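Step one of this worksheet: look at the structure below.
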Amino acid sequence: MDQHLAVFITVAEKQNFSRAAEELHMTQPAVSQYIQALERTMGTKLLERTNKYVHLNKAGEIVYHHAKEILGLYGKMHYLIDDLTNNPNGLLSIGASYSFGEYVLPHLIADMQKKYPQIKPAITIGNTKEIAELVLGHQLDVGIVEGQYREKNLKIEPFAVDKMSIVASPKNRLSHIEGEVSIRDIEKEIWIVRENGSGTREATEKLFNQLNIAPKKILEFGSTQLIKESVEAGIGISLLSDWVIRKERDFGSLAVIKVKGLSLTREFSVVLRSPFQTKALSVFLKLLKG
Numbered sequence: 001m002d003q004h005l006a007v008f009i010t011v012a013e014k015q016n017f018s019r020a021a022e023e024l025h026m027t028q029p030a031v032s033q034y035i036q037a038l039e040r041t042m043g044t045k046l047l048e049r050t051n052k053y054v055h056l057n058k059a060g061e062i063v064y065h066h067a068k069e070i071l072g073l074y075g076k077m078h079y080l081i082d083d084l085t086n087n088p089n090g091l092l093s094i095g096a097s098y099s100f101g102e103y104v105l106p107h108l109i110a111d112m113q114k115k116y117p118q119i120k121p122a123i124t125i126g127n128t129k130e131i132a133e134l135v136l137g138h139q140l141d142v143g144i145v146e147g148q149y150r151e152k153n154l155k156i157e158p159f160a161v162d163k164m165s166i167v168a169s170p171k172n173r174l175s176h177i178e179g180e181v182s183i184r185d186i187e188k189e190i191w192i193v194r195e196n197g198s199g200t201r202e203a204t205e206k207l208f209n210q211l212n213i214a215p216k217k218i219l220e221f222g223s224t225q226l227i228k229e230s231v232e233a234g235i236g237i238s239l240l241s242d243w244v245i246r247k248e249r250d251f252g253s254l255a256v257i258k259v260k261g262l263s264l265t266r267e268f269s270v271v272l273r274s275p276f277q278t279k280a281l282s283v284f285l286k287l288l289k290g
């Protein structure tokens, strides 16, 4: 009966069988059958139908009000039972942009596997735009993206601030300037940037606009690791997350270039499509937000 109530609530809120079917990933005839079955159980019509829309009648309003409460309690009951048994399990599909996915996410997954070994994570790495589109298409349970991505059909919630730095090879001339370098110094350099759709690319373009610079030569590479290797080799300079360059900075294979008055940060955000969360997803989000 909980499925019948869930379908009824969706139809009532969408005011349209077709839109409800799309939201529920069901066919329209199947949605109609659920509504008819619920009306037979209640012994009365619950919806007033027109050519384009459906509206709750008085009986429908009563059922809608109590159905919301019933499903809320039903969901809470399952959540509490799961907490009691401490047994979150099943497949959890996680998508993340390169910086977070390759340098931070593995440590979170390791912690989750120690505490909840029955959760089976499946990881997809892509740029911010790619990950958001996969969540929107219901191909991922959750995404982690960079920058100021916006999409009206997604819930996007910032959860962490990432500091970014301009980096160069220790052999680069900028690395030998004592103190802070000038804006014109970095403008003269070859810049290595990520592809369009990347949160790191967005941050780099924001930096160019902020400093009002237009580097004469820009190389576009589709991998953060490739950019790091290229910077180390002395091809050019780049803007990268401090998480990404942590090891190279400690080992001295990359140098951080200080620019006077410049402080660079961006947000990492959680991206969700469905308001409903499995226990596995709830566990992951709790770990993610610390």
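Last residue of the sequence shown: 290 in the UniProt record's numbering, with the numbers rising by one and none dropped. By construction, the Cβ of each residue, glycine as well, lies at the ideal position given by its N, Cα and C atoms. What you are looking at is a predicted structure, and each value in this text was computed from that prediction instead of being measured.
| Query | Result |
| --- | --- |
| Quick one: residues in its chain with C-beta nearer than 8 angstroms to the C-beta of Ile-177, no 5 flanking neighbours on either side, listed in chain order? | Asp-185 |
| Tell me Lys-120's beta-bridge partners as DSSP assigns them. | Leu-91 |
| Report yes if the C-beta distance between Leu-47 and Gly-60 is below 8 angstroms; otherwise report no. | yes |
| If we count the other Cβ atoms within 10 Å of its Cβ and call it buried at 16 or more, is Tyr-64 buried or exposed? | buried |
| In three-state terms, what does DSSP make of Ile-136? | One detail in the question is off: residue 136 reads as Leu in this sequence, not Ile. Leu-136: helix per DSSP, three-state reduction. |
| Once DSSP output is grouped into helix, strand and coil, what is the label at Gly-222? | coil |
| Taking Ser-93 and Asp-141 to be in contact with their CB atoms under 8 angstroms, please state how far apart those CB atoms are, rounded to whole angstroms. | 5 angstroms |
| Just list the alpha helix (DSSP H) runs in the UniProt domain "HTH lysR-type" (1-57), keeping only unbroken ones of 4 residues or longer that don't cross its boundaries, in chain order. | 2-14, 17-24 and 28-42 |
| From what residue to what residue does the alpha helix (DSSP H) around Leu-105 run? | 105-115 |
| Name the DSSP bridge partner or partners of Val-259? | Val-181 |
| Whose C-beta lies closer than 6 angstroms to the C-beta of Thr-265 among residues of the same chain, with five residues either side of it excluded? | Val-161 and Lys-163 |
| Could you tell me the boundaries of the beta strand (DSSP E) in which Lys-279 lies? | Element bounds for Lys-279: not the beta strand (DSSP E) but the alpha helix (DSSP H), 279-288. |
| State whether the stretch 142-157 contacts the stretch 213-227, with contact taken as three or more CB pairs (one from each stretch) at a distance under 8 angstroms. | no |
| For Ser-165, write down the residues that DSSP places opposite it in a beta bridge. | Leu-240 |
| How close, in whole Å, do the beta carbons of Leu-272 and Val-135 come, if the pair is a contact with beta carbons under 8 angstroms? | 7 angstroms |
| Using three-state DSSP, classify Phe-276 as helix, strand or coil. | coil |
| Give me the Cα-Cα distance between Glu-195 and Arg-201, rounded to the nearest whole angstrom. | 6 angstroms |
| Can you give the Cα-Cα distance for Glu-189 and Pro-215, rounded to whole angstroms? | 7 angstroms |
| Verify whether the separation of the beta carbon atoms of Leu-154 and Ala-132 is less than 8 angstroms. | yes |
| Below 8 angstroms on the Cβ atoms is my contact criterion, and I expect Ser-198 with Asn-127 to pass it. Report the Cβ-Cβ distance as a whole number of Å. | 4 angstroms |
| For Ala-280, tell me which candidate among Leu-91, Lys-260 and Lys-289 has the shortest Cα-Cα distance. | Leu-91 |
| Looking only at its chain, what residues have a beta carbon closer than 7 angstroms to the beta carbon of Gln-15, apart from the 5 residues adjacent to it on each side? | Tyr-53, Val-54 and His-55 |
| Which term fits Ala-110, buried or exposed, when burial requires 16 or more other beta carbons within 10 angstroms of its beta carbon? | exposed |
| Determine the burial state of Gly-95: buried for a count of at least 16 other Cβ atoms within 10 Å of its Cβ, exposed for fewer. | buried |
| What residue range is occupied by the uninterrupted alpha helix (DSSP H) comprising Gly-234? | It is not in any alpha helix (DSSP H) - Gly-234 carries neither H nor E in the DSSP assignment. |
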